[in-house]
Amino acid sequence: SDAQREAAGAIRAGFAAGKPVLLEGVTGSGKTELYCSFACEAVAAGRDVLFLVPEIGLTRQLEDRLRKIFSSRLLTFHSHETPSRRRHVASEVRRGGGRVVLGTRSALFLPFDNLSLVVVDEEQDASYKQDSPAPRYNGRDAALMLASLHGARVLLGSATPSLESL
């Protein structure tokens, strides 16, 4: 849509300035399509993408949609995966080569070496905050730091952005 094209232009401008970008839009406004568009660009360049969601339930919901786009390049990582599956995902991430990792905040600790884009969907969600057990951290803030360490771009998305992101 025209609104999505306008938003994509603003996102590119933010990325060109080297800043994290906040994409604000109501539910159903097409934010996920924009996430996927930028993820496709990264994967086509052989770079990795981390797509964070606040809860495992959202991971399952989004996985089917992303699988249609990224096929075998999509990896899912969260605490309900088996230990062998999590090891497999870590091994694939270590190899790099244009993967999309869909996961909860624990995916931040995968051994990325070729990270190009970090998407934090529903960035305002309190589920990103790990308060027990230790270590205590905010997944959104950790995502910003991870991206900074890798020189990756950050796209934060929300219908109701957090005060910190605004």
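In this note's numbering, the protein residues as written are 713 to 878.
In this text, a Cβ means the ideal position worked out from N, Cα and C, and glycines have one as well.
Only a predicted model underlies this, so the values are computations on that prediction, with no experimental measurement involved.
Burial state of VAL765, where buried means 16 or more other Cβ atoms lie within 10 Å: A residue is called buried once 16 or more other Cβ atoms fall within 10 Å of its Cβ, and VAL765 is buried on that count.
Nearest to ARG798 (by Cα), restricted to the options THR816, LEU778, GLU736 and ILE781: THR816
DSSP state of PHE782 mapped onto helix, strand, coil: helix
Uninterrupted beta strand (DSSP E) stretches inside the region 788-840 (no shorter than 3 residues): 812-815 and 827-833
Where ASP853 sits in the DSSP three-state scheme: helix
Member of PHE821, SER828 and ALA725 whose CA lies at the smallest distance from the CA of ASN850: PHE821
CYS748 versus ARG777 - alpha carbon distance: 10 angstroms
7 angstroms CB neighbourhood of THR788 in its chain, flanking five on each side removed: THR771, GLU775, LEU814 and GLY815
Segment contact flag, the region 825-841 with the region 859-877, C-beta cutoff 8 angstroms, min 3 pairs: Yes, the region 825-841 touches the region 859-877.
GLY869, DSSP secondary structure in three states: strand
Pair within 9 angstroms by beta-carbon distance, LEU734 and GLU835: yes
Cβ-based neighbour list, ALA864, same chain, cut-off 7 angstroms, excluding 5 preceding and 5 following: LEU827, SER828, LEU829 and VAL830
C-alpha gap between ASP714 and SER796, whole angstroms: 44 angstroms
Assigned exposure category for GLY721 - 16 Cβ within 10 Å defines buried: exposed
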